[in-house]
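Residue numbers are given in our numbering: position 254 of the sequence shown equals residue 1472, and the series is strictly consecutive. No residue lacks a Cβ here, since even glycine has one placed at the ideal position from N, Cα and C. Here's the structure, in C-alpha cells; my notes come after.
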Amino acid sequence: MASYDWPRRAVWLDIAADFKRPQDVREFVNWSRRAGMGIVFPCIAHATGTLCYESEYAPTALGYREWNPLRILLDECHAAGIEVHPWFVVFCWGSNLLPYLEGKAYEIGSTPPLQRSHPDWFTTDLYGRHTLEAPSLGPGPGGLTMLDPGKVEVRQFLRHVVTELLSKYPDVDGIHLDYIRYEDYRCTLRLDVTDAPDIGRRIKVGDILYITRPHSDLPGEQDLDLFYELTALSTSEAVLERQYRYCYCDSCLARFSQETGIRIPDLPDTHSVARWLWEEAPEAWVRWRAQQVTDAVRSIAGPVHAAHKRLSAAVFWNYPAIVRTIAQDWVEWAREGLLDFAVPMTYGFAAERVGELTRGYVQLVGTDCPVYAGVLRNDGYPLGGEELQRYEALVSENGGAGVALFCYGTWRGVI
Ligand SMILES: [Zn+2]
C-alpha cells in the first residue's frame, strides 16, 4: 500500500434519504466525479437498528428487498474510479419501539430487531434504567437506544455484521465507522414555578418526574416516558435534569471490578455507584470504558483487515476530552494500527481553526494514519465552493490528507 495516493476529497451520503431509484445513484456518481470525490461513505446502517440490505443479523430496512442501491453504487463508483467505504453507525441502534414497526420501518418477515431478540445487549444509564425503558430523544416513534460496548456478545455481533457485509459485497474498499462510542450528555429543563407557590410541598429535590411524548399512530402503552430528576427548587424555578451516561449494568460493573481488582462498595442504588466510580476510581473507570470501545474497534478491524480493506472512523474533534466522556480513544486506535485513516468531525469551525486542529491530530497519530477533516455544510453554516478550497489548502498545509464533506445532500448544489 506504500504507493497508494490518498484521495483528497471524500463525502458522506445517506442511502435512505438520497437514493429513491437507480437514477439517483447515477446522478450522485456523476456529481462525485465532477466534484473530484475519491472516497464515498454511503450509510448502510443509520442509527435505526436496520440495514439497507438483507442480513441474517438485523432487520432489512423497508424497501431494500426491492432494490439494492449499495450494489449499484459499487458498480457505478468503481467504473468511475471512486472508492466506496460503507458507513456503519455502530452503537446507536434505533428506536426502543422498533419491534412494533414491522412493515413500517423494516420488511415483514426479516430478521427480528435486537430490541426483541437481545434486550440484554443494550445499555443501562447511571440511574440504573435500561435504555429500552428510558431511551434518549430521537426522531420518529419512541426514543433512541444504544448497544452496550461492554458486552462481549455485542462486539461479536458487530464482527458478524461486518463479516457478512464483506462477504455480500466483497468489492467494498473499506468500512467507515460512526457512533463508535458511548452516549454522554446532559439535559436541563428550567420550569417557571412563580405561579405555583406551594410546589415545594408537593415535590422535593431528588424526585423523578416524567414527561410523556405520546404517539398517535401506536397504542398508548408505547408512549415515550422521559424522566428527569428534580435537582433544584426555589419559589420561582424548578430545575429538571437528566444525564445520559452509560453503562452501569450489572455485567459491566462486575467485569470492571473483576478486571481492575477495584471493589465497588455496597451502595443503595445505581446513581450512588456511578457517583462513587467517578469520585473514587475515575482513572480506572475512564480507562476501562475506553477499553470497551477500543475492543469493539479491534473486533471489527479483524475481518476488515483480513479482507485487505481499509478501516476508518468518524470521530469527535475534541480529543483527549472525549476519552473521559464518550470513551472514544481514537488516537490509540490509530497508533495500534486499527484505523487506516481517521475523520475528525471538525464541524462549524473557521478554516484556520480546522487547519490548526488538523496539525494537532497529525502530531498525535503520525503519518501511518492519514487524517481527513470533516467539513460540514448546512443552512446554519452555508459554505461555498471557494471557501471549501481554503479549508482544503489549510488542511493540506497542516499535514492532513484531505477533507470529508458532510454531506452530499447539502454540498450537491454548491460544488
Ligand atoms: Zn453494560
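| query | result |
| --- | --- |
| Endpoints, beta strand (DSSP E) assigned at Ile1262 | 1257-1263 |
| beta-carbon Ser1475 near ligand 1 non-hydrogen atom, thresh 7 Å | no |
| Spatial neighbours of Lys1386 in its chain, beta-carbon cut-off 7 Å, leaving aside the 5 residues before and after | Tyr1271 |
| Three-state class that DSSP yields for Cys1465 in the structure shown | coil |
| C-beta atoms of Pro1288 and Pro1304 nearer than 8 Å | Just to set this straight, residue 1288 is Leu in the shown sequence, not Pro. For Leu1288 and Pro1304, yes; Cβs fall inside 8 Å. |
| Span of the alpha helix (DSSP H) around Trp1494 | 1488-1498 |
| Ile1233, DSSP secondary structure in three states | helix |
| Check: Thr1266 C-beta below 7 Å from any heavy atom of ligand 1 | no |
| Alpha helix (DSSP H) segments (min. 4 residues) lying fully within the stretch 1311-1381 | 1332-1335 |
| Host beta strand (DSSP E) of Arg1577 (start-end) | Element bounds for Arg1577: not the beta strand (DSSP E) but the alpha helix (DSSP H), 1569-1583. |
| Bounding residues of the alpha helix (DSSP H) (the contiguous stretch that carries Gly1627) | 1626-1629 |
| Sequence-distant residues of its chain with Cβ nearer than 8 Å to Gly1321 (five each side left out) | Leu1280 |
| Helix, strand or coil at Ser1530 according to DSSP, with G and I counted as helix | strand |
| Cβ separation of Leu1448 and Asp1425, assumed to be a contact under 8 Å, to the nearest whole Å | 5 Å |
| Pick from Asp1413, Leu1355, Ile1544 that is closest to Ile1429, judged by C-alpha positions | Leu1355 |
| Distance CB(Cys1171)-CB(Ile1300) smaller than 8 Å | Summary: the structure shown does not reach residue 1171, with the chain confined to residues 1219 through 1633, and so no result is reported for it. |
| Test item: CB-CB of Gly1368 and Arg1516 under 8 Å | no |
| Proximity test, Ser1469 beta-carbon vs ligand 1 heavy atom, cut-off 7 Å | yes |
| Straight-line gap, Ala1524 to Lys1422 (C-alpha atoms, nearest Å) | 57 Å |
| Proximity test, Asp1223 beta-carbon vs ligand 2 heavy atom, cut-off 7 Å | This structure lacks ligand 2; the ligands present are ligand 1. |
| Local conformation of Asp1416 per DSSP, three classes | coil |
| Cα-Cα separation, Phe1375 to Arg1419 | 50 Å |
| Whether Asp1311 touches Gly1361 by CB criterion (8 Å) | The question names Asp, but residue 1311 in the sequence shown is Trp. For Trp1311 and Gly1361, no; Cβs fall outside 8 Å. |
| Proximity below 8 Å, CB of Thr1576 to CB of Gly1618 | yes |
| Within 8 Å, strictly: CB atoms of Ile1398 and Ala1552 | no |
| Under the three-state DSSP convention, the category Arg1226 falls into | coil |
| Own chain partners of Asp1389 with C-beta closer than 6 Å, once the 5 adjacent residues on each side are dropped | Leu1292 |
| heavy atom of ligand 1 below 7 Å from Thr1646 C-beta | Outside the shown range of the chain, which is 1219 to 1633, sits residue 1646, and nothing can be said about it. |
| CB of Val1307 within 8 Å of CB of Ala1265, strictly | yes |
| Nearest-angstrom beta carbon gap, Ala1502 and Thr1478 [assumed within contact, 8 Å] | 5 Å |
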